[in-house]
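> Submitted below is the structure of interest, expressed as structure tokens.
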Amino acid sequence: MRMVAVSGKLVLFGCCLFLNLISETSAQSVVVCDNSKGNYTMNGTYDNNLNTLLTRLSSNTEINYGFYNLSYGQNPDIVNAIGLCRGDVEPEECRSCLNDSRGNLTQSCPNQKEAVLWFEKCMLRYSNRSIFGLMETSPLVSLSNVNNATNVEQFNEVLGNMLRNLTDRAASGDSRRKYDTDDATAANFQAIYSLVQCTPDLSQTDCNNCLKESISEIPTYCNGKRGCRIMKPSCDVRFENYAFYQQATAIDPPPPPTNNTSQQESSNTVLIVIAVTVPTVVLVLLITLCQYLRKWKAKKKIEDEDEIKIVESLQFNLETIRVATDDFSDSNKLGQGGFGAVYWGKLSSGQMIAVKRLSKDSGQGDTEFKNEVLLVAKLQHRNLVRLLGFCLEGKERLLAYEFVPNKSLDYFIFDPTMRAQLDWEKRYKIIRGIARGLLYLHEDSRLRIIHRDLKASNILLDEEMSPKIADFGMARLVQVDQTQENTSRIVGTYGYMAPEYVMHGQFSVKSDVFSFGVLVLEIISGQKNSGICRGDNIEDLLSFAWRNWKEGRAINIVDPSLNSNSRNEMMRCIHIGLLCVQEKSSDRPTMATILLMLNSYSLSLPIPAEPAFYMNSRTISLPNMQSWEHNSSEPIIKSAQESENEASITELYPR
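Residue 110 is where the sequence shown starts when you use this note's numbering, and the numbers rise one by one after that.
This is how it looks when you write it as structure tokens:
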């Protein structure tokens, strides 16, 4: 096996490795070293704790189901490690694989405090932070078989159905194992053998989400291949055209049969067992409860200390911000909003930042402000604008974000000259990136986040024209199992707002889906949702799109500057956009389903119903256009004003 070591800097930005192999997807092992968590000193406390922990983990003979999670040491030198073997690997072979991983991992990452290694039959990772019970999907590693499938559409349909069934079965496993395999035959007698696995410390929901997200990545990295493996710290998905796994190993085999005894002897035995067991169990429970309470208090203290350390690590010095922004000079000013001004700055390290200087008359307390910052800082995804830190000195409240150089989507898409820079490939990449970011907010982040103000000016574009969702000032945080809330304070932008939200104040993840649908139609057409001019009349975008789609002339919706080589892809996106803007929220798909629709052409799409706000009269006379446009495109309440480069900055105020 050949080993690949990856710098930890890639991990911070959701690194993805894509390796094309000559023969099969298991021909390599991969190591990812994360420099962001700091380095340790050789022969120091962390180094000794790490070696002790990994030795204990790879020599543990008490576990026969292939999952090990151990901690060793005390903060700040505590080490947490997870070892996971494939479900068909025997215990002795599992320990041997982990032992090999231990040596390779410490050699490839000689002083990094966090690292992960994948072999074909096992995975080993360690960190100085808590990693147990957390769904972590970065870094992503993709290994692909170089052989192509035949009749790809039918192959993908068989594969997709099999992987969905495996996901449900594996996620329902217990805390010892979440693993399953299956095989099927596609067109032209193509055999498909598949395997899915999660670290069993995940909840059923997290395992399900991790596997679904990995499956959705297959068209991106391994489309049309006969073999592929998508590896993440929390889950593993693989398929091949040959049987690469054995029968799963048994867990807790049944005890050997006992000799028959008489009914009287059995009754006596039961009474004796009860008499001895009950007091013993009660005593053990009391002792366990006391130990649990003591450990809980210690753990709570550690968590509070860790929370303080995280806040401290995000805190900028006021003088640092002053130097970076040239003392908030007008030449560095990007824009002025209702909650304060936005400045660009450059740190001594050379890093560019965007600084939001909040108004000094804010009524928010220091503790509440820090809590909001900590919450937003934990939301990290490649398609979200990242909060870097904050400053809280005297009356100054400052927020520092990553600087996104290419302005916002509306700067390009609505300008007849600039939109020429966005060919269909770039627009399709932007649509998929926005979908991934929303899926993270709705399902994959620790809280369910509803953005409530998704629009073209809140989509920023980085140097590679990849989208980043910005402005979470409108976002409403709800509980994980909560899907809808009511509000008497309507915030958002007309034209992008769902009907149930505008009329009744009901918002949900389906409200964001509606906004996403409007945004998709804008990206495809290059037109604002407020209207399309036709001679002396103007027609709103949803009515225009629906009418042309119903009449079989959906090509009229497409921006004329786009090349028609990808016509089928464009038509599919128009179809998806119309599904998102249906009047009934229950009819709209979820972001998870939308991402599957975008990634799988074998997935058939339902027929959309008439969109919300469909205007039967179809047109408005041009003299009334100005007032109508104002009412349909201006925000009802803006939590963050747009800067000169349309960079929206998050407002950290409770909703």
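Idealized CB from N, CA, C, for every residue including glycine. Given the structure is predicted, the values throughout are model-derived calculations rather than measurements.
Just to confirm, is the Cβ distance from Ser253 to Leu233 under 8 Å?
By 1-based counting over the sequence shown, the position of residue 253 is 144. By 1-based counting over the sequence shown, the position of residue 233 is 124. Not a contact, by the Cβ cut-off of 8 Å.
> Cα separation between Val225 and Leu193?
Numbered from 1 along the sequence shown, position 116 holds the residue referred to as residue 225. Numbered from 1 along the sequence shown, position 84 holds the residue referred to as residue 193. Each residue's Cα considered, the two are about 11 Å apart.
> State whether the stretch 166 to 174 contacts the stretch 312 to 330, with contact taken as three or more CB pairs (one from each stretch) at a distance under 8 Å.
no
> Relative to the alpha-carbon of Pro514, which residue among Arg656, Glu573, Glu552, Val451 has its alpha-carbon at the smallest distance?
Locating residue 514 in the sequence shown gives position 405, counting from the first residue. That would be Glu573, whose Cα lies nearest to the Cα of Pro514.
> Can you give me the C-alpha to C-alpha distance between Asn708 and Leu688, rounded to a whole angstrom?
As a position in the sequence shown, residue 708 is number 599, starting the count at 1. As a position in the sequence shown, residue 688 is number 579, starting the count at 1. Each residue's Cα considered, the two are about 16 Å apart.
> Counting Cβ pairs, one atom from each stretch, are 3 or more of them under 8 Å apart for the stretch 692 to 704 and the stretch 535 to 545?
yes
> Taking all protein chains shown into account, decide if Asn289 is buried (16 or more other Cβ within 10 angstroms of its Cβ) or exposed.
Stepping through the sequence shown from its first residue, residue 289 is reached at position 180. Looking at the sequence shown, residue 289 is not Asn but Asp. Here Asp289 is buried, its C-beta having at least 16 other C-beta atoms within 10 Å.
> Closest by CA to Arg286, which one among Glu692, Gln306, Cys500?
Here residue 286 corresponds to residue number 177 of the sequence shown, with the count starting at 1. Arg286 has its Cα closest to that of Gln306, out of Glu692, Gln306, Cys500.
> Return yes when the C-beta of Leu423 is under 7 Å from any heavy atom of the ligand ATP, and no when it is not.
As for the ligand ATP, it is missing from this structure, which has no ligand bound.
> Could you spell out where the alpha helix (DSSP H) holding Leu159 opens and where it closes?
Against the sequence shown, residue 159 aligns to sequence position 50. 154 to 167 is the span of the alpha helix (DSSP H), which, as asked, contains Leu159.
> Would you report the Cα separation of Ser438 and Ser457, rounded to the nearest angstrom?
The residue you call residue 438 lines up with position 329 of the sequence shown. The residue you call residue 457 lines up with position 348 of the sequence shown. Those two C-alpha atoms are separated by around 17 Å.
> Using only CA atoms, which one of Asn157, Ser312, Val139, Lys146 lies nearest to Trp227?
Along the sequence shown, read from residue 1 onward, the residue named residue 227 stands at position 118. When each option's Cα is compared against that of Trp227, the closest is Val139.
> So, under 8 Å CB-CB, Lys334 and Arg238 are touching, yes? Tell me the CB distance rounded to an integer number of Å.
Translated into the one-based positions of the sequence shown, residue 334 becomes position 225. Translated into the one-based positions of the sequence shown, residue 238 becomes position 129. 35 Å between Cβ atoms; not a contact.
> Assuming Asp186 and Thr161 make a contact with CB atoms under 8 Å, what is their CB distance in whole Å?
Against the sequence shown, residue 186 aligns to sequence position 77. Against the sequence shown, residue 161 aligns to sequence position 52. Contact doesn't hold; Cβ gap of about 11 Å is too wide.
> On the premise that Gly686 lies in contact with Val629, defined as a C-beta separation below 8 Å, what is that separation, rounded to the nearest angstrom?
Taking the sequence shown and counting its residues from 1, the one referred to as residue 629 is at position 520. Taking the sequence shown and counting its residues from 1, the one referred to as residue 686 is at position 577. Going by Cβ atoms, the distance from Val629 to Gly686 rounds to 4 Å, so yes, they are a contact pair.
> Return helix, strand or coil for Ile647, following the three-state DSSP convention.
Looking up residue 647 in the sequence shown gives position 538. If DSSP states are grouped into helix, strand and coil, Ile647 belongs with the strands.
> Leaving out the 5 sequence neighbours to the left and right, which residues in its chain are closer than 7 Å to Leu548 when beta-carbon positions are compared?
Taking the first residue of the sequence shown as position 1, residue 548 is located at position 439. Cβ neighbours of Leu548 beyond the five flanking positions: Met700, Ala701, Leu704.
> Tell me the rounded alpha-carbon separation between Ser343 and Ala280.
For this step, residue 343 is matched to residue 234 along the sequence shown. For this step, residue 280 is matched to residue 171 along the sequence shown. One Cα belongs to Ser343, the other to Ala280, and the distance between them is close to 12 Å.
> From what residue to what residue does the alpha helix (DSSP H) around Lys619 run?
Position 510 of the sequence shown holds residue 619. Element bounds for Lys619: 618 to 634.
> What ranges does the beta strand (DSSP E) occupy inside the stretch 174 to 211, keeping only unbroken runs of at least 3 residues that lie completely in it?
176 to 181, 188 to 194
> What would DSSP say about Thr699, mapped onto helix, strand or coil?
On the sequence shown, position 590 is the one that residue 699 refers to. Coil, per DSSP.
> If you follow the beta strand (DSSP E) that Asp289 is in, where does it begin and where does it stop?
Reading the sequence shown from its first residue, position 180 is the one you call residue 289. That run of the beta strand (DSSP E) goes 287 to 295.
> Would you mind reading off the limits of the beta strand (DSSP E) that contains Leu339?
Numbered from its first residue, the sequence shown carries residue 339 at position 230. Reading the sequence as shown, one finds Ile at residue 339 and not Leu. Segment 337 to 340, the beta strand (DSSP E) holding Ile339.
> Report the three-state DSSP secondary structure of Glu171 (helix, strand or coil).
Position 62 of the sequence shown holds residue 171. Three-state DSSP puts Glu171 in coil, outside helix and strand.
> Considering Cα atoms alone, identify which of Gln216, Tyr177, Glu202, Lys222 is closest to Asp143.
Within the sequence shown, numbered from 1, the residue matching residue 143 stands at position 34. Per the Cα distances, Lys222.
> Is it a yes or a no for the stretch 664 to 671 touching the stretch 620 to 636, going by three-plus beta-carbon pairs under 8 Å?
Three or more pairs of CB atoms, one per stretch, sit closer than 8 Å, so the stretch 664 to 671 contacts the stretch 620 to 636.
> Can you give the Cα-Cα distance for Ser468 and Lys442, rounded to whole angstroms?
Locating residue 468 in the sequence shown gives position 359, where the first residue counts as 1. Locating residue 442 in the sequence shown gives position 333, where the first residue counts as 1. Cα to Cα, the separation comes out at about 15 Å.
> On the three-state DSSP scale, how would you describe Thr246?
Walking along the sequence shown from the start, residue 246 turns up at place 137. If DSSP states are grouped into helix, strand and coil, Thr246 belongs with coil.
> Going by the CB atoms, is the gap between Ile301 and Val267 shorter than 8 Å?
Here residue 267 corresponds to residue number 158 of the sequence shown, with the count starting at 1. Here residue 301 corresponds to residue number 192 of the sequence shown, with the count starting at 1. Yes, these two residues count as a Cβ contact at 8 Å.
> Only counting the same chain, and skipping five residues up and downstream in sequence, which positions put a Cβ closer than 6 Å to that of Trp533?
Here residue 533 refers to the residue found at position 424 when the sequence shown is read from its first residue. Spatial neighbours of Trp533 in its own chain (CB-CB distance under 6 Å, excluding positions within 5 residues in sequence) are listed in chain order as Leu671, Ser675.
> Over what stretch of residues does the alpha helix (DSSP H) that includes Tyr542 continue unbroken?
In the sequence shown, counting from the first residue as 1, residue 542 sits at position 433. Looking at the sequence provided, one finds Gly at residue 542 rather than Tyr. 533 to 548 is the span of the alpha helix (DSSP H), which, as asked, contains Gly542.
> Let me check understanding here. Comparing Cα to Cα, which of Pro698, Leu395, Phe348, Asp197 lies closest to Phe625?
The residue labelled residue 625 in the question sits at position 516 within the sequence shown. It is Pro698.
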